[in-house]
Amino acid sequence: MGRFRHASRKPAPVLKQIMRSKGIHFVTHDVTNGAAMAIPLEDEHLFVLLWQGRTLFATTDTGFTQDPDTVHPDSDDIAALLKKYKLHCPASA
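Quick note: the sequence shown uses our numbering, first residue 856, plus one each step.
Structure follows, in structure tokens:
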């Protein structure tokens, strides 16, 4: 093994497991008068963007362990996104 012997004695690196998640976006009538916002939160971002004359809210990131072909937004996802918006933009909520 010669000079490479030391490399074979090192433990293999621990690999991080990739977790499946889902994220949603939704569109509503214009609630920001055309303004766009990127709001940094503790461990994510909230995006509120003008899109074709409407407001696009984005994004969530929640764990999802089911079949990816069955993923869809639900009322809890929408409520969580709206709650973040109302918390950080109370004047426009």
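The C-beta atom is built at its ideal place from N, Cα and C for all residues, glycine as well. Small disclaimer: the values here were computed from a predicted structure and weren't measured.
Distance CB(residue i)-CB(residue j) smaller than 8 Å
| i | j | result |
| --- | --- | --- |
| residue 880 | residue 911 | yes |
| residue 924 | residue 899 | no |
Neighbourhood of residue i by C-beta, 7 Å cutoff - its chain only, sequence neighbours within 5 removed
| i | result |
| --- | --- |
| residue 906 | 882 |
| residue 939 | 896 and 901 |
Member of the options whose CA lies at the smallest distance from the CA of residue i
| i | options | result |
| --- | --- | --- |
| residue 874 | 939, 909 and 919 | 919 |
| residue 909 | 936, 891, 939 and 895 | 891 |
| residue 921 | 865, 894 and 877 | 877 |
| residue 941 | 930, 929, 928 and 894 | 894 |
Neighbourhood of residue i by C-beta, 8 Å cutoff - its chain only, sequence neighbours within 5 removed
| i | result |
| --- | --- |
| residue 887 | 903, 905, 910 and 947 |
Residues near residue i in its chain [Cβ-Cβ closer than 6 Å; skip 5 each side]
| i | result |
| --- | --- |
| residue 932 | 879 and 915 |
| residue 913 | 880 and 902 |
| residue 928 | 879 |
For the segment 865 to 876 against the segment 892 to 908, are there 3 or more C-beta pairs whose distance is under 8 Å? Pairwise C-beta distances place the segment 865 to 876 out of contact with the segment 892 to 908, as fewer than three of them are shorter than 8 Å.
Report the start-end ranges of each beta strand (DSSP E) in the segment 887 to 938 that is 3 residues or longer and not cut off at the edges. Entirely contained in the segment 887 to 938, the beta strand (DSSP E) runs reaching 3 residues are, in chain order, 892 to 895, 900 to 906 and 909 to 913.
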